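Below is one structure, written out as C-alpha cells, with a few remarks after it.
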Amino acid sequence: MDNSLNVTYITFGGHVEVHKYRYLYFVIMFTLYILTISCNLTIVCIIVIHKSLHEPMYIFIAALLINSVLFSTAIYPKLLIDFLSEKQIISYSACLLQWFTYYSLLGSDFFLLSVMAYDRYVSICNPLQYPTIMSKTTVNILLISAWIVPACQVSVPMCLSANKKICNFYLKGIICNSTVHKLHCVTSRMLNIYGLVVFVSAVLFPVLFILFTYTRILVVSYRCQGVRRKAAQTCLPHLLVLFSFSCLSAYDVLLARLEIDFPKTLRLIMALQVVIYHPLFNPIIYGLKMRGIYVHLKMLFCKRV
C-alpha cells in the first residue's frame with residue numbers, strides 16, 4: 008500500500024528466478040509477442056485486402072485474430088516490464104483493467120466460435136438460404152455483439168470488485184486473472200453466483216451449442232457425400248481451435264476454484280501456456296488449414312510457386 012499516493016499495489020509471486028533469468032525471459036517473450044502480432048495481423052490483412060475472402064466465415068476469423076492481438080497486447084507488455092523490474096507489482100486498478108480485458112476477450116472468443124459454427128451450419132445444411140440468413144447486416148450485428156455482450160457481462164463484477172476492501176496483496180500468478188477475488192477480505196456470495204451465471208452463459212452454453220451444431224453438420228455430411236469434403240475443410244480448423252481454447256479456459260477456471268498447491272514452476276508453465284498458446288495457435292491453424300487463406304499466404308511468401 009502506497010499511502011502517499013493512496014494507491015494499492017499487488018505483487019505477482021508466480022515468477023520463477025526472474026532475477027537470474029530476466030533477460031532470457033524477456034528475449035523469449037518479446038520474440039513470441041512480435042511473432043504473435045505478426046502472424047495474426049498478416050492473416051487479417053490478407054482477409055481485408057482480398058475481396059474473395061470478404062465472406063462471413065473469413066470476417067469472423069479476422070475478428071477472432073484481432074482478439075488474439077488485443078489479448079496479447081493486454082498481457083505481454085506488462086510481463087516484459089516485470090521481467091526487467093526489481094519488483095513484479097501492479098496497481099489494483101490496473102490489475103482490474105487487465106482482468107476485465109482478459110475475460111471480456113475470452114468471452115468474445117467463445118461468442119465468435121459459436122457464430123462461426125452457426126455460419127458453417129447454415130452454409131452446409133441450408134446453402135440456398137445462406138445469403139439471406141448471413142446477410143451483411145446480420146454479420147455486423149453479430150460482430151458488434153461479440154465484443155459488447157462479453158464486455159457488459161464482465162464489467163459488472165469488475166465494478167463490484169473495485170469497491171471491495173482487499174486484505175491480501177499477493178497473487179500466486181503472473182497476470183491478473185480469476186484469482187483476483189482471493190485478494191478480497193470477504194468472499195462475496197453474490198460475485199460467486201454471478202460468476203457462475205456468466206460462466207454458464209458465456210462459456211458452457213456456447214460450447215454446447217457448438218458441439219450440437221457440428222454434430223448436425225456431421226450427420227448431414229454422412230448422408231450427403233457431396234458436402235463431406237467441404238465440411239472437413241472448413242469445420243476441422245474451428246474444432247481444433249475450440250478444443251485447445253476450451254482446455255486452456257478450463258485450466259484457468261479450475262485454478263481459481265480448486266485450492267490445489269501446484270509447484271511454482273508448473274504454475275508458471277501453465278500460466279504461460281494460457282498466454283502464449285491460443286493467440287499463436289489460431290493464425291497457424293487458420294493459415295494452414297483454411298485453403299482460401301493458405302493460397303494467399305503461399306502467394307505472399309512463395310511468389311515463384
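Numbering (the working numbering), first residue to last: 8 to 312. We treat Cβ as the ideally placed atom computed from N, Cα and C, and that holds for glycine. This structure is a prediction, so every number in the text was calculated from the model and none was measured.
**OP:** Kindly identify the DSSP beta-bridge partner or partners of phenylalanine 206.
**Re:** The secondary-structure analysis by DSSP pairs phenylalanine 206 with nothing; it has no beta-bridge partner.
**OP:** May I ask you to verify whether the stretch 273-292 touches the stretch 175-185, counting CB pairs closer than 8 Å and requiring at least 3?
**Re:** Yes, the stretch 273-292 is in contact with the stretch 175-185.
Original post:
Residue ranges of each alpha helix (DSSP H) run of no fewer than 4 residues wholly in the stretch 15-87, ordered along the chain?
Top reply: Scanning the stretch 15-87 for uninterrupted alpha helix (DSSP H) segments of 4 residues or longer gives 25-56, listed from N- to C-terminal end.
**OP:** Can you give me the start and stop residues for the alpha helix (DSSP H) that isoleucine 283 sits inside?
**Re:** In the DSSP assignment, isoleucine 283 falls within the alpha helix (DSSP H) that extends over 271-296.
Original post:
At what residues does the alpha helix (DSSP H) containing serine 98 begin and finish?
Top reply: Segment 96-98 is the beta strand (DSSP E) holding serine 98; no alpha helix (DSSP H) there.
Original post:
Among residues of its own chain, excluding the 5 on either side of isoleucine 73, which ones have a beta-carbon nearer than 8 Å to its beta-carbon?
Top reply: Apart from sequence neighbours up to five positions away, the residues of its chain that approach isoleucine 73 with a beta-carbon distance below 8 Å are Asn47, Val51, ordered along the chain.
Original post:
Just the Cα atoms here: how many angstroms apart are leucine 273 and leucine 113?
Top reply: Their Cα atoms are separated by approximately 23 Å.
Original post:
CA-CA distance, tyrosine 125 and leucine 31?
Top reply: Straight-line spacing of the CA atoms in tyrosine 125 and leucine 31 works out to 44 Å.
**OP:** Would you tell me roughly how many angstroms separate the C-alpha atoms of methionine 123 and lysine 94, rounded to the nearest one?
**Re:** Near 43 Å, if we compare the C-alpha coordinates of lysine 94 and methionine 123.
Original post:
Excluding the five sequence neighbours on either side, which residues of its own chain have a C-beta within less than 8 Å of the C-beta of valine 25, listed in chain order?
Top reply: Excluding residues up to 5 positions away in sequence, Tyr32, Asp89, Phe90, Gln95 lie with their Cβ nearer than 8 Å to the Cβ of valine 25 in the same chain.
Subject >> Opening and closing residue of the alpha helix (DSSP H) in which asparagine 170 lies >> reply: Following the DSSP letters along the chain, one finds asparagine 170 in no alpha helix (DSSP H), marked with neither H nor E.
Subject >> isoleucine 182 - containing alpha helix (DSSP H), residue span >> reply: Boundaries cannot be given for isoleucine 182, as no alpha helix (DSSP H) includes it and DSSP labels it neither H nor E.
Original post:
Nearest to phenylalanine 308 by CA position, among Thr49, Arg29, Leu243, is which residue?
Top reply: That would be Thr49, whose Cα lies nearest to the Cα of phenylalanine 308.
Original post:
How should glycine 20 be labelled, buried or exposed, when 16 other C-beta atoms within 10 angstroms of its C-beta is the threshold for buried?
Top reply: Exposed.
**OP:** Name the one or two DSSP bridge partners that histidine 191 has.
**Re:** DSSP lists Ile173 as the bridge partner or partners of histidine 191.
**OP:** Thinking proline 244 and isoleucine 292 are a contact (beta carbons under 8 Å), I'd like their distance in whole angstroms, please.
**Re:** A Cβ-Cβ separation of about 5 Å places proline 244 in contact with isoleucine 292 under the 8 Å criterion.
**OP:** Take valine 156 as the anchor and find which of Asn175, Ile66, Phe117, Lys189 has the nearest alpha-carbon.
**Re:** It is Phe117 whose Cα lies nearest to the Cα of valine 156.
Original post:
Relative to the C-alpha of isoleucine 82, which residue among Leu135, Lys143, Ala278 is closest?
Top reply: The option with the nearest alpha carbon to isoleucine 82 is Ala278.
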